[in-house]
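Enquirer: At position 12 of the sequence shown the residue is numbered 154 (our numbering), and the sequence of numbers has no breaks. This structure is in C-alpha cells; I'll ask about it shortly.
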Amino acid sequence: GYLTRWIPERYYNREDTKGYQNIIANATGLTVTAGTDIITNIIRTIGAQRKAKYKVNGIVMDGAVWANILTLHASTSGEFTQPIGVVTISPTGQLLICGIPVYVVSWVGADEVIIGDWSQFEIIQSESLSLQFFEQDSTNVRENKITVRIEACIGFAMYQPAAFSVLSVESVS
Numbered sequence: 143g144y145l146t147r148w149i150p151e152r153y154y155n156r157e158d159t160k161g162y163q164n165i166i167a168n169a170t171g172l173t174v175t176a177g178t179d180i181i182t183n184i185i186r187t188i189g190a191q192r193k194a195k196y197k198v199n200g201i202v203m204d205g206a207v208w209a210n211i212l213t214l215h216a217s218t219s220g221e222f223t224q225p226i227g228v229v230t231i232s233p234t235g236q237l238l239i240c241g242i243p244v245y246v247v248s249w250v251g252a253d254e255v256i257i258g259d260w261s262q263f264e265i266i267q268s269e270s271l272s273l274q275f276f277e278q279d280s281t282n283v284r285e286n287k288i289t290v291r292i293e294a295c296i297g298f299a300m301y302q303p304a305a306f307s308v309l310s311v312e313s314v315s
C-alpha cells in the first residue's frame with residue numbers, strides 16, 4: 143500500500159520539476175530589478191507584466207524566499223517593515239502580494255520567483271498515469287524483488303512565453 147502512494151508522488155514531483163525547467167527555458171517576460179528589496183522587485187515585475195497586457199494571477203517561490211518576505215525588516219531598527227496592504231495573509235494562511243496568491247513549492251529554483259499569467263501554461267496529458275508491478279522479471283523471484291514501472295504521456299504547452307517572468311532574488315534582501 144505504501145508503494146502505490148509513494149511512487150506516484152515521486153512521479154508528480156518529477157513532472158513538476160520538468161514543468162519548471164520548461165518555464166525557465168522559455169520565459170521571456172519582463173523582469174524589473176531596480177528595487178532594493180524582494181517586494182519592490184516583485185511589484186515592479188508585476189507592473190511590467192500588466193503593462194504588457196498579461197494578467198498576473200500567481201507567484202511561485204521556494205520556502206526560503208517566502209520566509210525572507212515574511213521577515214523583511216529595516217536594517218537599522220530591526221522592526222518589521224511590511225508595506226501595509228501590499229503583503230497580506232488571507233484568513234486561510236495564503237500569502238498575497240497585491241492580492242495575487244503566492245505559492246510555495248519545492249520544485250522552483252533557490253532564490254527564484256516565477257511571476258506569471260498561469261492561464262498561459264498547461265500540462266497536456268494524452269495517457270493517464272499507469273503504475274505496474276512485476277514479480278516475474280529476470281531474477282526478481284530468486285532475489286525477492288519487484289520491478290515497478292510508472293509512466294504517463296504528457297507534454298507542456300506554454301502558449302505565451304512572455305506571460306512569465308523569472309526573478310532572481312539572490313542578491314536582494
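For each residue, glycine too, the CB sits at the ideal point set by N, CA and C. Please read these numbers as outputs of a predicted model, since none were measured by experiment.
Tell me where the beta strand (DSSP E) around Gln278 begins and ends.
Expert: Taken as a continuous stretch (DSSP letters only), Gln278 belongs to no beta strand (DSSP E), as it is neither H nor E.
Enquirer: Less than 7 angstroms between the C-beta atoms of Met327 and Phe276, yes or no?
Expert: Missing from the structure shown is residue 327; the chain here goes from 143 to 315 and no further.
Enquirer: Let me know the secondary structure DSSP gives Gln302 once reduced to three states.
Expert: DSSP places Gln302 in coil when its eight states are reduced to three.
Enquirer: What distance in whole Å lies between the Cβ atoms of Ile266 and Ile296, which are believed to be in contact at a cut-off of 8 angstroms?
Expert: With 8 angstroms as the limit, Ile296 and Ile266 qualify as a contact, their Cβ atoms being about 7 angstroms apart.
Enquirer: Between the C-alpha atoms of Tyr144 and Val246, what's the straight-line distance to the nearest angstrom?
Expert: So the two alpha carbons sit approximately 26 angstroms from each other.
Enquirer: Where does Gln236 sit, in a helix, a strand or coil, going by DSSP?
Expert: Coil, per DSSP.
Enquirer: How about Phe298 and Gly258: are their beta carbons less than 7 angstroms apart?
Expert: No.
Enquirer: Have a look at Ala169, Gly161, Thr146 and flag the residue whose alpha-carbon is nearest the alpha-carbon of Leu309.
Expert: The candidate whose alpha carbon is nearest that of Leu309 is Ala169.
Enquirer: Return yes when the Cβ of Asn199 is within less than 7 angstroms of the Cβ of Trp249, no when it is not.
Expert: Going by C-beta atoms, Trp249 is not nearer than 7 angstroms to Asn199.
Enquirer: Measure the alpha-carbon distance for Asp204 versus Ile288 and round it to whole angstroms.
Expert: Their backbone Cα atoms lie some 35 angstroms apart in a straight line.
Enquirer: Could you name the residues of the same chain whose beta carbon sits closer than 7 angstroms to that of Ser232, not counting the 5 residues immediately before and after it, in chain order?
Expert: These residues qualify, in order along the chain: Leu238.
Enquirer: Suppose contacts are defined by Cβ-Cβ distances below 7 angstroms. Is Asp242 in contact with Leu273 by that definition?
Expert: According to the sequence as given, residue 242 is Ile; it is not Asp. Their beta carbons are not under 7 angstroms apart, which means Ile242 does not touch Leu273 by this criterion.
Enquirer: Between Val202 and Ile180, how many whole angstroms is the CB-CB distance? I'm expecting something under 8 angstroms.
Expert: Not confirmed; about 14 angstroms, so no contact.
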